[in-house]
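Using the working numbering, the first residue of the sequence shown is number 17, and each one after it goes up by one. Idealized CB from N, CA, C, for every residue including glycine. All remarks here apply to the structure that follows.
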Amino acid sequence: MKWLRGMLAAVLLLVVALVAAIGTYRALVLPKTEGELKVSGLSAPVSIVRDEHGIPTIRAQNLEDLMFALGFVHAQDRLWQLEMHRRIGRGQLAEVFGESALDTDRFLRALGVRRTAQAQWQAVQGETRRAIEAYAAGINAFVEQHMDVRPPEFLILGLQPGRWEPADTLAWTTMMAWDLGANWNAELIRMRLALSLPVQRINELMPPYPGEAPLPLADYAALYRSLKLDGKLGQHALNAAPPSGIEGLGSNNWVVSGARSQTGHPLLANDPHLKLSAPALWYFARLEAPGFKVAGATMPGLPVVVLGQNEHIAWGFTNTGPDVQDLYLEEIHPEDPSLYRTPEGWARFETFEETVRVRGGAEVKFTVRATRHGPVISDAPAAGADGLTGPKEAPRYALAMRWTALDVPNTSMEGALAINRASSVPAFIEAAASLNIAPMQNMVVADRDGRIGWVAAGRVPLRAPDNDLKGQVPAPGWEARYDWVGYLDTSLTPREIDPARGWIATANQRIHGPDYPHYLGSEWALPYRQERIEALLQAQQRHDLDSFARMQADELSLATVKLLPYLRRAQSSHRLAAPVQAMLAQFDGTMAAQRPEPLVFWAWIRHLTEGLLADEVGPEFLGRAMSGSRNFRDAVEGILMRDDAWWCDDKRTPEVTESCQMQIDAAFHKALEELESLQGPDPARWQWGQVHQSRAEHRPFSRIKALAPLFELRVPVGGDTYTVNVARVNMRADASTGEHYLNEHGPSLRALYDVHDPSRSRVMHSSGQSGIVLSRHYHDFVERWAKVEYVPLWAPADAQGATLRLEPAR
Numbered sequence: 017m018k019w020l021r022g023m024l025a026a027v028l029l030l031v032v033a034l035v036a037a038i039g040t041y042r043a044l045v046l047p048k049t050e051g052e053l054k055v056s057g058l059s060a061p062v063s064i065v066r067d068e069h070g071i072p073t074i075r076a077q078n079l080e081d082l083m084f085a086l087g088f089v090h091a092q093d094r095l096w097q098l099e100m101h102r103r104i105g106r107g108q109l110a111e112v113f114g115e116s117a118l119d120t121d122r123f124l125r126a127l128g129v130r131r132t133a134q135a136q137w138q139a140v141q142g143e144t145r146r147a148i149e150a151y152a153a154g155i156n157a158f159v160e161q162h163m164d165v166r167p168p169e170f171l172i173l174g175l176q177p178g179r180w181e182p183a184d185t186l187a188w189t190t191m192m193a194w195d196l197g198a199n200w201n202a203e204l205i206r207m208r209l210a211l212s213l214p215v216q217r218i219n220e221l222m223p224p225y226p227g228e229a230p231l232p233l234a235d236y237a238a239l240y241r242s243l244k245l246d247g248k249l250g251q252h253a254l255n256a257a258p259p260s261g262i263e264g265l266g267s268n269n270w271v272v273s274g275a276r277s278q279t280g281h282p283l284l285a286n287d288p289h290l291k292l293s294a295p296a297l298w299y300f301a302r303l304e305a306p307g308f309k310v311a312g313a314t315m316p317g318l319p320v321v322v323l324g325q326n327e328h329i330a331w332g333f334t335n336t337g338p339d340v341q342d343l344y345l346e347e348i349h350p351e352d353p354s355l356y357r358t359p360e361g362w363a364r365f366e367t368f369e370e371t372v373r374v375r376g377g378a379e380v381k382f383t384v385r386a387t388r389h390g391p392v393i394s395d396a397p398a399a400g401a402d403g404l405t406g407p408k409e410a411p412r413y414a415l416a417m418r419w420t421a422l423d424v425p426n427t428s429m430e431g432a433l434a435i436n437r438a439s440s441v442p443a444f445i446e447a448a449a450s451l452n453i454a455p456m457q458n459m460v461v462a463d464r465d466g467r468i469g470w471v472a473a474g475r476v477p478l479r480a481p482d483n484d485l486k487g488q489v490p491a492p493g494w495e496a497r498y499d500w501v502g503y504l505d506t507s508l509t510p511r512e513i514d515p516a517r518g519w520i521a522t523a524n525q526r527i528h529g530p531d532y533p534h535y536l537g538s539e540w541a542l543p544y545r546q547e548r549i550e551a552l553l554q555a556q557q558r559h560d561l562d563s564f565a566r567m568q569a570d571e572l573s574l575a576t577v578k579l580l581p582y583l584r585r586a587q588s589s590h591r592l593a594a595p596v597q598a599m600l601a602q603f604d605g606t607m608a609a610q611r612p613e614p615l616v617f618w619a620w621i622r623h624l625t626e627g628l629l630a631d632e633v634g635p636e637f638l639g640r641a642m643s644g645s646r647n648f649r650d651a652v653e654g655i656l657m658r659d660d661a662w663w664c665d666d667k668r669t670p671e672v673t674e675s676c677q678m679q680i681d682a683a684f685h686k687a688l689e690e691l692e693s694l695q696g697p698d699p700a701r702w703q704w705g706q707v708h709q710s711r712a713e714h715r716p717f718s719r720i721k722a723l724a725p726l727f728e729l730r731v732p733v734g735g736d737t738y739t740v741n742v743a744r745v746n747m748r749a750d751a752s753t754g755e756h757y758l759n760e761h762g763p764s765l766r767a768l769y770d771v772h773d774p775s776r777s778r779v780m781h782s783s784g785q786s787g788i789v790l791s792r793h794y795h796d797f798v799e800r801w802a803k804v805e806y807v808p809l810w811a812p813a814d815a816q817g818a819t820l821r822l823e824p825a826r
């Protein structure tokens with residue numbers, strides 16, 4: 017037995033040593049939050065006071081030192097997130113993740129994000145330039161002077177943090193705009209569909225906004241047939257599109273005047289819906305310097321409060337969804353591939369040589385090109401070549417992108433700083449409208465003088481009257497009528513100040529009436545969230561922040577209510593059909609996490625969508641499209657409401673003509689089979705939240721089975737894609753786990769602002785302040801976020817906290 021006791025002692029010693037090592041590492045990797053640090057790069061002392069939630073209040077004697085300190089605390093708490101943002105903007109992911117990230121890097125290099133950012137940086141001047149430079153210096157000062165050990169991701173992957181440069185900030189603003197203005201996806205989907213469907217059917221699959229007619233376009237299906245294009249063009253490009261990690265698909269904001277609030281002063285609410293990540297994209301901070309006092313949601317990589325409140329105003333954004341990207345087919349000279357066709361004749365491609373380093377493999381060198389329209393995105397080898405151009409050795413076309421975010425100069429960062437300083441609703445609207453380029457946002461604002469307002473701020477391209485494709489599909493680049501002819505005057509974008517009704521709300525719906533004379537876009541969100549917000553705003557005469565919080569927690573899905581009658585009449589021979597239909601008879605469309613009915617509805621709509629559409633568009637294409645931002649709910653609604661026999665017939669079964677009722681019944685039967693297998697034989701015990709889990713992805717460890725439970729964040733949630741408390745439902749099986757119905761896009765931030773009494777303002781984001789998995793602040797917001805709870809935006813005047821003093825190193 018001696019040997020056994022010896023072995024147990026050795027194991028115990030090993031465990032103790034391991035625990036001690038982890039404890040030591042944890043003490044070193046967590047940020048120093050108390051005491052004093054000598055830091056090179058500061059001109060005067062700075063204090064950083066962190067509250068119980070890890071939210072810092074940063075006080076400096078000038079703006080440059082304030083932004084230096086913001087960069088410093090971002091690096092302390094979110095260094096791996098900064099590294100990811102830097103590498104995405106540069107197209108350097110394959111250096112870390114190997115060949116699996118190569119296509120993304122190729123696309124980013126072809127798109128020219130970092131190259132454009134460098135050009136944009138040369139045009140930045142004055143206070144904005146100094147702020148960005150100071151912010152970058154603060155990040156680098158922490159890494160080079162005060163990082164005792166690297167955060168876990170760097171150790172596991174064997175990496176050193178890279179140096180942050182000012183152009184990296186501008187590159188990240190471009191990546192923010194990438195998903196928030198991604199009309200190009202819809203263009204490629206339409207082109208892909210046009211190779212097998214007539215335009216009329218495409219308009220049914222991608223219908224116009226409710227109540228509108230389809231845009232009058234040329235027959236682009238006939239155009240593409242005449243050009244002998246292949247559907248692989250669009251699919252290759254879609255497959256290679258880079259992930260920014262934002263993937264914004266919606267947001268809510270609303271503001272009421274003093275006449276509609278219980279305080280007699282304006283109140284404002286905002287919840288931007290973005291990709292949920294671990295850590296969250298947002299980082300709360302309170303920033304104070306002479307003439308500058310602002311608090312709210314910052315984003316690592318940017319020296320500004322993106323959404324928040326200063327001493328005079330509060331503001332919130334939703335995505336406008338403008339059409340600010342156009343794709344062009346560029347015809348390549350048949351005898352000289354260095355030339356492409358223009359309205360004036362043949363012109364030479366602008367070329368750039370790129371080298372991508374690949375972890376575990378040889379570096380990849382390739383040439384990317386640009387035309388008069390912009391970067392040639394088909395130069396990413398996986399993004400175009402084959403179907404678009406014909407044989408690789410004899411390409412016929414290239415695919416170029418025109419996009420406002422790639423314009424030089426780009427004054428969006430100047431606009432963000434001006435917003436932070438704005439002192440009134442008119443000043444805010446002027447700064448936002450004149451300076452913000454991309455992404456275009458619906459910005460609501462309220463001030464202490466009692467005014468409220470809204471402006472759609474961003475650069476809007478103008479298209480010629482004879483442009484008969486209107487930016488809906490890739491256009492022939494050699495025809496001048498498809499070129500942009502300028503930009504909409506910034507004073508003409510939609511806006512409103514102090515409406516008589518006493519409130520303003522936006523939720524990605526169409527933001528203008530039919531009499532608005534300018535074209536902004538056509539990719540509006542379905543109006544269900546907007547309709548529900550308006551109903552709740554009008555349900556009581558006066559609101560307070562508690563009623564606003566109940567609105568942000570609302571889980572009634574008007575989209576579900578619309579289709580419930582079709583589900584309730586579904587029939588099935590399945591033994592659970594009767595009890596399930598009995599439950600559905602009492603269901604009001606509230607998508608509560610603990611209830612079975614939301615699960616039944618979404619299983620049914622998933623199978624119904626596949627049954628209606630897969631035969632016409634192909635299951636592979638449908639699956640990829642449904643994995644992105646489009647779930648074709650509007651198409652399904654139209655098919656059912658028209659009782660459309662053409663779509664309801666399954667063309668893979670020529671011996672049977674399926675009716676819409678047959679499709680409804682078949683989807684119900686499949687849903688019952690799926691759910692019995694998934695959650696057991698008793699429908700009363702089924703729960704939506706068991707499968708509809710909010711998953712905040714960690715890059716890259718969510719994709720590594722052994723590490724995912726440690727790094728990613730999960731919590732059951734209610735709601736769905738169309739509720740005010742949005743929790744977008746993933747209709748396709750997750751690539752790594754096979755799960756359906758996960759929620760990976762939702763209220764990345766919730767904020768409620770009282771401009772008269774800022775001490776009442778409250779906020780919450782979806783993870784915790786820290787990006788270091790060993791910190792208690794890595795996940796301490798998750799459960800509270802799921803319950804729609806909040807923390808104070810501003811620290812109380814007498815608040816105590818851990819205080820770190822940064823002193824200039826002499």
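The three-state secondary structure of E347, taken from DSSP, is strand.
Per DSSP, the beta-bridge partners of P732 are Q709. Residue range 441-451 is occupied by the alpha helix (DSSP H) that includes S450. Of the other Cβ atoms in all chains shown, 16 or more fall within 10 Å of the Cβ of D681; this residue is therefore buried. A110 is not a Cβ neighbour of T190, given a cutoff of 8 Å. Within the DSSP secondary-structure output, M100 pairs in no beta bridge. For the alpha helix (DSSP H) assignment, the uninterrupted runs of no fewer than 4 residues enclosed by the segment 58-139 are, from N- to C-terminal side, 79-106, 110-113, 118-127, 129-138. One thing to note: L231 has its Cβ no nearer than 8 Å to the Cβ of S439. Its chain contains no residue whose beta carbon lies nearer than 7 Å to that of V35 once the 5 sequence neighbours on both sides are disregarded. In the displayed model, F300 falls within a strand according to three-state DSSP. Residue pairing by DSSP places E52 opposite R821 in a beta bridge. In this structure, DSSP gives E327 a state outside helix and strand, which the three-state scheme calls coil.
Spanning the alpha carbons of E228 and D235 requires a straight line of approximately 19 Å. The residues G57, F84, G87, in chain order, have a CB closer than 8 Å to that of A153 in the same chain once the five nearest residues on each side in sequence are set aside. Taking all protein chains shown into account, Y532 has fewer than 16 neighbouring C-beta atoms within 10 Å of its C-beta and is therefore exposed.
Less than 8 Å separates the beta-carbon of V165 from that of V45.
The continuous alpha helix (DSSP H) containing R566 extends over residues 561-568. Non-local beta-carbon contacts of P425 in its own chain, meaning distances under 8 Å to residues more than five positions away in sequence, involve Q136, A139, V140 in chain order.
Distance between R526 and I205, taken at the CA atoms: about 21 Å.
Secondary structure at Q703: coil, using DSSP grouped into helix, strand and coil. According to the DSSP secondary-structure assignment, A593 is paired through a beta bridge with no residue.
Take the alpha-carbon of V31 and the one of D814: they are about 44 Å apart.
The beta carbon of W419 sits closer than 7 Å to the beta carbons of V340, Q341, G390 from its chain, once the five residues preceding and following it are set aside; these are given in chain order. The beta carbon of A462 is closer than 6 Å to those of V271, P282, L284, A330, I468, V771 in its chain, skipping five residues each way along the sequence.
Beta-bridge partners of M417 (DSSP): L343. N156 sits in a helix when the DSSP states are folded into three classes. The segment 374-390 makes contact with the segment 108-122: 3 or more CB pairs, one atom from each, lie closer than 8 Å. For H623, the enclosing alpha helix (DSSP H) has its first and last residue at 613-633.
Secondary structure of G280 (DSSP, three-state): coil.
When secondary structure is reduced to three states using DSSP, Q525 falls in the coil class, being assigned neither helix nor strand. In this structure the segment 301-310 does not lie against the segment 348-359, because fewer than three pairs of beta carbons, one per stretch, are closer than 8 Å. Under DSSP, H761 takes part in a beta bridge, and its partners are K291. The C-alpha of A619 is placed about 20 Å away from the C-alpha of G762. For a cut-off of 8 Å, the C-beta gap from L504 to L478 is around 6 Å, short enough to register as a contact. With a beta-carbon spacing of about 6 Å, L542 and D650 fall inside the 8 Å limit used to define contacts. With a contact defined as Cβ atoms closer than 8 Å, A565 and V804 qualify at about 6 Å.
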